[in-house]
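Residue numbers (this note's numbering): 657 to 753.
The structure appears below as structure tokens.
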Ligand code: HBI
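Here is the structure:
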């Protein structure tokens with residue numbers, strides 16, 4: 657069973673991952689992305705999908721044309737865990753933060 661982030665870990669995570677926001681009513685983190693067009697957005701989603709598979713940790717996400725919304729939380733512990741931080745870091749690296 658993966659552990660939920662402690663409060664200090666959560667504070668540190670949001671400080672580091674400054675492009676990610678808290679989610680009202682959920683122990684989760686979310687980030688919005690906007691790309692040149694749908695093909696760029698789709699390519700990004702494909703790369704995130706491969707990261708998620710490699711990490712065995714999957715986002716809750718949506719796409720409208722050139723926009724992608726990603727929400728990360730860990731189902732197993734019903735909140736934010738180190739897996740979310742790891743995936744968020746990897747996603748940020750795809751877009752150069
Ligand atoms: N993705 N976000 C998220 N949370 C999980 O708990 C999770 C997952 N992907 C796969 C996964 N767990 C597996 O370890 C099984 O628990 C399904």
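C-beta: ideal position from N, C-alpha, C; glycine also.
None of these values were measured; they are calculated from a predicted model.
Where residue 743 is concerned, the enclosing alpha helix (DSSP H) starts and stops at 738–750.
If you check the CB distance, residue 684 and residue 743 do not come in under 9 Å.
Our two residues, residue 725 and residue 681, have alpha carbons roughly 17 Å apart in a direct line. When only Cα atoms are considered, residue 709 and residue 741 end up about 15 Å apart. Residue 694: member of the alpha helix (DSSP H) spanning 694–711, first to last residue.
Cβ atoms of residue 750 and residue 704 come within 8 Å of each other, at about 7 Å. In the three-state reduction of the DSSP assignment, residue 671 falls in the helix class, which pools H, G and I. When the beta-carbon positions are compared, residue 747 and residue 707 come within less than 9 Å of each other. In its chain, beyond the 5 residues on either side, 686 have a beta carbon closer than 6 Å to the beta carbon of residue 677.
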